[in-house]
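*Asks:*
2 protein chains.
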Amino acid sequence: MSTVGKAASLLELFTMAEPEIGLSDLARRARLDKATARRLLVALAEHRLIEQEPASRRYRLGAGLSRLARIRDANFPFARVAAPVMRSLAEETGETVHLSEFSAGALLTVHVELSAKANRVNVNAGQILPLHGTASGLAFLAFSRSAATEAYLDKPLERFTTHTLTDRANLAEQVRLTAARGYSRSAQGYEDGVHSIAAPILGADNHAIGALSVASPLSRVDDAAATAQALAVMTAACEIAARLTGEPLLPR
Amino acid sequence: MSTVGKAASLLELFTMAEPEIGLSDLARRARLDKATARRLLVALAEHRLIEQEPASRRYRLGAGLSRLARIRDANFPFARVAAPVMRSLAEETGETVHLSEFSAGALLTVHVELSAKANRVNVNAGQILPLHGTASGLAFLAFSRSAATEAYLDKPLERFTTHTLTDRANLAEQVRLTAARGYSRSAQGYEDGVHSIAAPILGADNHAIGALSVASPLSRVDDAAATAQALAVMTAACEIAARLTGEPLLPR
DNA sequence: AAACAGTGGTTCGAATATTGAACCGACTGC
DNA sequence: GCAGTCGGTTCAATATTCGAACCACTGTTT
Chain L
7 MSTVGKAASL LELFTMAEPE IGLSDLARRA RLDKATARRL LVALAEHRLI EQEPASRRYR
67 LGAGLSRLAR IRDANFPFAR VAAPVMRSLA EETGETVHLS EFSAGALLTV HVELSAKANR
127 VNVNAGQILP LHGTASGLAF LAFSRSAATE AYLDKPLERF TTHTLTDRAN LAEQVRLTAA
187 RGYSRSAQGY EDGVHSIAAP ILGADNHAIG ALSVASPLSR VDDAAATAQA LAVMTAACEI
247 AARLTGEPLL PR
Chain Y
7 MSTVGKAASL LELFTMAEPE IGLSDLARRA RLDKATARRL LVALAEHRLI EQEPASRRYR
67 LGAGLSRLAR IRDANFPFAR VAAPVMRSLA EETGETVHLS EFSAGALLTV HVELSAKANR
127 VNVNAGQILP LHGTASGLAF LAFSRSAATE AYLDKPLERF TTHTLTDRAN LAEQVRLTAA
187 RGYSRSAQGY EDGVHSIAAP ILGADNHAIG ALSVASPLSR VDDAAATAQA LAVMTAACEI
247 AARLTGEPLL PR
């Protein structure tokens with residue numbers, strides 16, 4: 007393994023549960039010689055990627071990481087990181103794909119990849135979606151903190167079409183179903199003739215920060231197509247989350 | 007320079023202004039051979055510390071950095087990082103030092119290092135300080151976003167002692183003075199017999215996220231002592247900010 | 001109090017990973 | 001077609017890293 011690979015492995019030994027580790031321990035776990043581990047740690051410390059607690063002499067992640075992460079997060083937000091994954095999903099499904107981020111009590115559409123077909127659903131970036139009535143909203147609600155979900159459901163809910171779910175019991179049941187199977191499905195809840203399948207984008211704390219959705223003309227979707235879309239959208243949503251948070255891809 | 011040092015130098019070439027850089031450019035700026043730079047980049051990419059945009063083939067900071075920074079920030083917050091610096095400041099000045107973090111419209115005291123002297127000011131962690139009437143509050147206001155500062159000053163302000171500044175014009179003048187010289191001074195604005203000098207803790211965006219303060223019995227402070235305290239508290243505040251954000255220490 | 005087991009840290013000849021000039025193919029502007 | 005980029009690759013020469021053995025120290029056990 008390359009030297010920088012070894013150094014990176016050292017960084018990866020630190021976790022939420024164990025954010026400070028001693029030299030011998032680090033060397034053992036990274037399967038490195040103590041002398042090697044120390045030399046790498048010193049080099050990392052020179053660039054503030056590692057700090058050493060003066061009292062206990064244990065090592066921990068350095069402030070330089072905060073700085074670098076800030077640069078990354080500021081310049082490669084949600085939409086930008088997600089775009090290539092969405093492009094693939096749009097090609098695979100042949101349908102319009104849109105990504106929404108939770109903001110001020112609703113979902114804000116931050117990126118759209120349109121279907122290549124002539125008969126397609128059109129969504130505009132910037133559009134605000136309600137949490138009820140859309141597949142994206144259901145996916146978000148199902149993976150939010152339960153207190154927040156309950157609070158939202160208790161408010162009076164606007165009706166957009168004759169199919170909009172506004173009844174608290176029905177909606178709660180849909181949320182439960184979505185949480186159980188990992189994706190949501192909704193037809194004409196917000197706009198007539200539109201069918202959507204959505205999955206949540208989970209943040210580092212495993213709660214939804216947004217949702218990814220495949221939107222099709224209702225006439226083109228049967229149960230088989232919906233199942234295929236569901237699988238694809240969940241996979242893509244996981245991929246986006248992984249690219250965003252840096253967590254390794256975990257199967258749900 | 008060590009190999010990991012070179013790799014770290016590559017990471018440090020990315021900035022807010024230029025978050026994506028091509029191979030040749032990276033090699034030139036880091037004064038590395040192109041082949042070397044690339045080998046390092048590949049090694050970093052394997053650990054997600056670097057990503058390569060597939061289309062342009064340019065490099066950028068990776069998601070792994072976000073993950074590591076999250077681990078660091080969660081486990082070594084404000085108070086913990088600041089504590090050793092505060093300990094030194096308390097020893098240097100011989101007075102009680104307290105650190106406050108802005109939270110919900112006021113300053114929350116998150117850490118205290120008490121003076122070694124018998125006659126000292128006592129402050130408790132957890133105590134809430136108003137933005138007016140305390141040196142910490144003035145320091146915070148003077149380095150907040152000006153809109154937020156104005157909004158605060160427009161509200162009715164509670165009186166705590168006969169010395170509390172509640173007049174908008176007087177307070178605005180104090181804020182202006184604090185912003186100009188980099189520290190605030192207040193005597194008996196919140197509690198009788200207490201004198202304080204404070205400096206803001208600046209976040210990555212150069213706005214205050216909290217304040218550091220030296221609190222003394224009023225009887226012990228003359229102008230000379232206050233000047234010395236001011237210098238010490240500003241230096242310590244800069245040091246804490248640097249340790250927190252990973253930005254290099256900048257003179258004000 | 002002596003022996004032991006665990007730290008963090010250092011040394012230096014041996015082993016090996018790193019280096020970089022020269023190379024390739026692809027693209028852009030002239 | 002040429003010149004000047006770019007990203008990426010190769011391989012002999014070499015500088016860097018490796019790691020067993022070594023301190024000095026601390027706390028525990030006998």
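Keeping their order, the protein sequence lines are chains L and Y. This note's numbering runs 6 ahead of the 1-based position in the first sequence. This note's numbering runs 6 ahead of the 1-based position in the second sequence. Glycine residues also receive a C-beta, built at the ideal position from the N, C-alpha and C atoms. Since this is a predicted model, take the numbers as computed values, not measurements.
Using a Cβ-Cβ cut-off of less than 9 Å, list which residues of the segment 63 to 94 of chain Y approach chain L; keep chain order.
*Replies:* Arg66, Leu67, Gly68, Ala69, Gly70, Leu71, Ser72, Arg73, Leu74, Ala75, Arg76, Ile77, Arg78, Asp79, Ala80, Asn81, Phe82, Val87, Pro90
*Asks:* Within the continuous beta strand (DSSP E) that includes L:Phe108, where are the two ends?
*Replies:* 102 to 109
*Asks:* In chain Y, what lies closer than 8 Å to L:Gly216 by C-beta?
*Replies:* Ordered by position in chain Y, no residue passes the 8 Å Cβ test against L:Gly216, which lies about 16 Å from the chain.
*Asks:* Would you say L:Arg93 and Y:Thr251 are within 8 Å of each other, going by their C-beta atoms?
*Replies:* no
*Asks:* State the Cα-Cα distance for the pair Y:Ala33 and Y:Tyr65, rounded to the nearest angstrom.
*Replies:* 12 Å
*Asks:* Of the residues that make up the segment 96 to 122 of chain Y, which ones have a beta carbon closer than 7 Å to any beta carbon in chain L?
*Replies:* none
*Asks:* Roughly how far, in whole angstroms, is the beta-carbon of Y:Phe146 from the beta-carbon of Y:Leu137, given that I think they are within contact range, below 8 Å?
*Replies:* Rounded, the Cβ-Cβ distance is 6 Å, consistent with contact.
*Asks:* Are the C-beta of Y:Thr6 and some C-beta of chain L separated by less than 8 Å?
*Replies:* The question about residue 6 of chain Y has no answer, for chain Y in this structure spans 7 to 258.
*Asks:* Using the beta-carbon count (16 or more within 10 Å), is L:Ala141 buried or exposed?
*Replies:* buried
*Asks:* Take Y:Leu120 as the anchor and find which of Y:Ala88, Y:Leu16, Y:His104 has the nearest alpha-carbon.
*Replies:* Y:His104
*Asks:* Here's a check: name, in chain order, each residue in its chain whose Cβ is nearer than 7 Å to the Cβ of L:Ala153, leaving out the five neighbours to either side.
*Replies:* There are no such residues.
*Asks:* From the DSSP output, read off the bridge partner residues of L:Glu26.
*Replies:* DSSP output for L:Glu26 lists L:Arg66 as bridge partner(s).
*Asks:* Let me know the secondary structure DSSP gives L:Gln235 once reduced to three states.
*Replies:* helix
*Asks:* Below 6 Å CB to CB, which residues in the same chain sit around Y:Arg258 once its five sequence neighbours on both sides are set aside?
*Replies:* Its pLDDT being 38, under 50, Y:Arg258 is placed unreliably in this model, and the coordinates cannot settle the point.
*Asks:* Could you tell me the alpha carbon to alpha carbon distance between Y:Thr21 and L:Arg54, rounded to whole angstroms?
*Replies:* Cα to Cα, the separation comes out at about 16 Å.
*Asks:* Near Y:Ala204, what residues of its chain come up, given a Cβ to Cβ distance below 6 Å and the 5 sequence neighbours on each side ignored?
*Replies:* Ala141, Ser142, Ala145, Ser190, Ala217, Ser219
*Asks:* Quick one: which chain Y residues come within Cβ less than 7 Å of L:Ala49?
*Replies:* Ser8, Val10, Gly11
*Asks:* Quick check: Y:Val10 and L:Ala49, are their CB atoms within less than 8 Å of each other?
*Replies:* yes
*Asks:* Taking the beta carbon of Y:Gly70 as the centre, do at least 16 other beta carbons fall within 10 Å, making it buried, or is it exposed?
*Replies:* Counting every other CB atom within 10 Å of its CB across the protein chains shown gives Y:Gly70 a total of 16 or more, marking it as buried.
*Asks:* Based on the DSSP secondary-structure assignment, which residues constitute the bridge partners of L:Ser202?
*Replies:* L:Ser192, L:Ala221
*Asks:* Interface residues of chain L around Y:Met240 at Cβ under 9 Å?
*Replies:* Ordered by position in chain L, no residue passes the 9 Å Cβ test against Y:Met240, which lies about 20 Å from the chain.
*Asks:* Using a Cβ-Cβ cut-off of 8 Å, state whether Y:Ala14 counts as contacting chain L.
*Replies:* yes
*Asks:* Who are the neighbours of L:Ala210 on chain Y, taking C-beta pairs under 7 Å?
*Replies:* Arg76
*Asks:* Counting Cβ pairs closer than 8 Å, one from the segment 208 to 215 of chain L and one from the segment 13 to 32 of chain Y, do we hit at least three?
*Replies:* no
*Asks:* Within the continuous beta strand (DSSP E) that includes L:Ala112, where are the two ends?
*Replies:* Taken as a continuous stretch (DSSP letters only), the beta strand (DSSP E) holding L:Ala112 covers 112 to 119.
*Asks:* Do Y:His117 and Y:Ala96 come within 8 Å of each other at the CB atom, strictly closer than that value?
*Replies:* no
*Asks:* Provide the residue(s) that pair with L:Gln58 in DSSP beta bridges, ordered along the chain.
*Replies:* Note: L:Gln58 sits in a beta bridge opposite L:Tyr65.
*Asks:* Helix, strand or coil for Y:Leu137 per DSSP?
*Replies:* coil
*Asks:* Please return the same chain residues whose Cβ sits closer than 6 Å to the Cβ of Y:Ser202, not counting the five positions on each side in sequence.
*Replies:* Ala141, Ser192, Ser219, Ala221
*Asks:* When DSSP labels each residue in this structure, what does Y:Ala214 get in the three-state scheme?
*Replies:* strand
*Asks:* Measure the alpha-carbon distance for L:Ala51 versus L:Gly111 and round it to whole angstroms.
*Replies:* 42 Å
*Asks:* Is it true that the segment 223 to 237 of chain Y meets the segment 194 to 201 of chain Y, where meeting means three or more beta-carbon pairs spaced less than 8 Å apart?
*Replies:* The segment 223 to 237 of chain Y is in contact with the segment 194 to 201 of chain Y.
*Asks:* Using the Cβ count rule (16 or more neighbours within 10 Å means buried), how would you classify L:Thr115?
*Replies:* Within 10 angstroms of the beta-carbon of L:Thr115 lie 16 or more other beta-carbons, which makes it buried.
*Asks:* According to DSSP, is Y:Leu163 helix, strand or coil?
*Replies:* coil
*Asks:* What does a CB cutoff of less than 8 Å around Y:Asp160 pick up in its chain, not counting 5 residues either side in sequence?
*Replies:* Excluding positions up to five away in sequence, the list reads Arg174.
*Asks:* Would you report the Cα separation of L:Asn125 and L:Glu197, rounded to the nearest angstrom?
*Replies:* Each residue's alpha carbon lies about 16 Å from the other.
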